[in-house]
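Peer 1: Quick one: this structure, given as structure tokens, is what I'll be asking you about.
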Amino acid sequence: MLGSKKVFVDTCVVIEFLKENLELNKSNCYINHIVLMELYIGAKNKQDLRAIKVKLQGFKLLETNQEVIDLSTQIIEHFSLSHNAKIQDAIIASTCLIHKLPIATYNIKSFRSILSLLPLFGLYKGAVFNPPLLKARIIERFCRKA
Numbered sequence: 834m835l836g837s838k839k840v841f842v843d844t845c846v847v848i849e850f851l852k853e854n855l856e857l858n859k860s861n862c863y864i865n866h867i868v869l870m871e872l873y874i875g876a877k878n879k880q881d882l883r884a885i886k887v888k889l890q891g892f893k894l895l896e897t898n899q900e901v902i903d904l905s906t907q908i909i910e911h912f913s914l915s916h917n918a919k920i921q922d923a924i925i926a927s928t929c930l931i932h933k934l935p936i937a938t939y940n941i942k943s944f945r946s947i948l949s950l951l952p953l954f955g956l957y958k959g960a961v962f963n964p965p966l967l968k969a970r971i972i973e974r975f976c977r978k979a
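Set out below in structure tokens:
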């Protein structure tokens, strides 16, 4: 169970919650519109979609604002060819960076290329993963301590 710490929850973790294979403290769990859309696409019918919406009540929805889009665009521009960064992963990583949230995911592979270049504030798959800090304009702008 993810406890009292605020955390961004990736789609794969929310799916396990929806299947009732995982307990989450929803009041500390954050998602964005990418996660929401991926979950909605996975609905088999209208009843399934309604059930997803009910179970997601209590999760905090973070806006995908211009700052998130700008950082995501920079990630894609700089890392898509060399590190195969995907649009949805760039948006999720940008959301975590801007809001200074760790991410809970089972798909570490999806974020590995971004993690090697940008330090997310923790990656959960049983333990917190802290990648090395690299000097770059993006890191200096978005990862300063408050």
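Going letter by letter, the sequence shown gives residues 834 to 979 in my numbering. Don't be surprised by glycine CBs; every beta carbon is placed ideally from N, CA and C.
Out of His932, Ala918, Cys929, point me to the one whose CA is closest to lysine 942's CA.
Peer 2: Ala918
Peer 1: Assuming isoleucine 924 contacts leucine 894 under a Cβ cut-off of 8 Å, what Cβ separation, rounded to an integer in Å, is found between them?
Peer 2: Under the criterion of beta carbons closer than 8 Å, isoleucine 924 and leucine 894 do not qualify as touching, at roughly 14 Å.
Peer 1: With a Cβ-Cβ cutoff of 7 Å, do isoleucine 931 and valine 887 count as a contact?
Peer 2: Not a contact, by the Cβ cut-off of 7 Å.
Peer 1: Hey, could you find the ends of the beta strand (DSSP E) leucine 872 is sitting in?
Peer 2: Looking at the DSSP string, leucine 872 is not in any beta strand (DSSP E); the run it does join, the alpha helix (DSSP H), is 866-874.
Peer 1: Where does the unbroken beta strand (DSSP E) through lysine 792 begin, and where does it stop?
Peer 2: With the chain represented from 834 up to 979, any question about residue 792 goes unanswered, as that position is not in the structure.
Peer 1: List the DSSP bridge partners of valine 846.
Peer 2: Looking at the DSSP assignment, valine 846 forms no beta bridge with any residue, so it has no partner.
Peer 1: Given this structure, state the Cα-to-Cα distance separating threonine 897 from serine 905, to the nearest angstrom.
Peer 2: 10 Å
Peer 1: Flag this pair as yes or no: are the beta carbons of cysteine 845 and asparagine 940 separated by less than 7 Å?
Peer 2: In this structure, the beta-carbon distance from cysteine 845 to asparagine 940 falls below 7 Å.
Peer 1: State the beta-bridge partners of leucine 882 as determined by DSSP.
Peer 2: None; leucine 882 has no bridge partner.
Peer 1: So the candidates are Ile947, Ile908, Leu851; which of them puts its Cα closest to the Cα of valine 868?
Peer 2: Leu851
Peer 1: Could you pull the start and end residues of the alpha helix (DSSP H) that glutamine 890 belongs to?
Peer 2: Note, glutamine 890: premise wrong, no alpha helix (DSSP H); not H, not E.
Peer 1: How would you write the range of the alpha helix (DSSP H) that serine 860 sits in, first residue to last?
Peer 2: Run containing serine 860: none; DSSP gives neither H nor E here.
Peer 1: Can you tell me whether aspartate 903 is buried or exposed? The criterion is at least 16 other CB atoms within 10 Å of its CB, across all chains shown.
Peer 2: exposed
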